[in-house]
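The listed protein sequences derive, respectively, from chains A and B. Each residue of the first sequence is one higher than the last, beginning at 1 in the working numbering. Each residue of the second sequence is one higher than the last, beginning at 1001 in the working numbering.
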Amino acid sequence: ETGVTQTPRHLVMGMTNKKSLKCEQHLGHNAMYWYKQSAKKPLELMFVYNFKEQTENNSVPSRFSPECPNSSHLFLHLHTLQPEDSALYLCASSQVTHSKGTPYGYTFGSGTRLTVV
Amino acid sequence: KNEVEQSPQNLTAQEGEFITINCSYSVGISALHWLQQHPGGGIVSLFMLSSGKKKHGRLIATINIQEKHSSLHITASHPRDSAVYICASAGQNFVFGPGTRLSVLP
């Protein structure tokens, strides 16, 4: 375990389903991230939360909805996904000194492998 | 816009060989990370470099800030080193390279 825990590890969902991915960090970090890794593509940043405030949304479709209730937990709510959304979704956390600061102590979770059918 | 490239894309080596993976980036950065992604998807941060060289066990990472280039070396490679190695330039957010898939054969 890296200190960043993601659940579930695997998820199969239909296009009309609603599901949520969960990420929890026990490192005392103040920034959390969602990344998407599709087959044969580099990691893509989806959302950034610094000090529980969303600071980045990289043109992610609205069928992905993040939630950060506190600095230790991050959710990604999924609804009406498409088969092309099938990918590995990775959560990460880090420490930043301010909302625009360079992160350090970057730590990834093990990811949730999502399949949309 | 910073672009990060890696070479080679795929690498197969025999156990015991010395391995080098290269990373280049297009704009000045404050630091560069090397990450290891295992077949199951989990990612481990290996190094964060802002200058010079770092060593951890059989892994060595170097960076040349002027040339915008970094290398990851693995000495005495082992099958358990088989993974995807990703370099990422660090600013407020990472820009990731495409990864190098390494297979070490026994």
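Glycine is no exception: its CB is placed at the ideal position from the N, C-alpha and C atoms. Just so it is clear, the structure is predicted and the values come from calculations on it, not from any experiment.
What is the DSSP secondary structure of residue i, counted as helix, strand or coil?
i: glutamate 44 of chain A; result: strand
i: glutamate 56 of chain A; result: strand
i: proline 1008 of chain B; result: coil
Report yes if the C-beta distance between residue i and residue j is below 8 Å; otherwise report no.
i: histidine 1069 of chain B; j: serine 1024 of chain B; result: yes
i: glycine 1099 of chain B; j: glutamate 1005 of chain B; result: no
i: isoleucine 1019 of chain B; j: leucine 1032 of chain B; result: no
i: leucine 78 of chain A; j: lysine 19 of chain A; result: yes
i: glutamine 95 of chain A; j: tyrosine 89 of chain A; result: no
i: leucine 1035 of chain B; j: alanine 1088 of chain B; result: yes
i: leucine 27 of chain A; j: tyrosine 35 of chain A; result: no
i: asparagine 50 of chain A; j: asparagine 70 of chain A; result: no
Quick one: using the 10 Å Cβ neighbour count with 16 as the cut-off for buried, is residue i buried or exposed?
i: methionine 46 of chain A; result: buried
i: leucine 1072 of chain B; result: buried
i: methionine 15 of chain A; result: exposed
i: glutamine 1037 of chain B; result: buried
i: leucine 1102 of chain B; result: buried
i: alanine 1115 of chain B; result: Because chain B spans 1001 through 1106 in this model, residue 1115 of chain B falls outside it and cannot be assessed.
Can you name the start and end residues of the beta strand (DSSP E) that residue i belongs to?
i: proline 83 of chain A; result: Careful: proline 83 of chain A lies outside any beta strand (DSSP E) and carries neither H nor E.
i: leucine 1046 of chain B; result: 1043-1049
i: arginine 1101 of chain B; result: 1100-1105
i: glutamate 67 of chain A; result: 64-70
Confirm the yes/no value for this check: CB of residue i, any heavy atom of the ligand FAD, distance under 7 Å.
i: glutamate 1005 of chain B; result: Here there are no bound small molecules, and the ligand FAD is not part of this structure.
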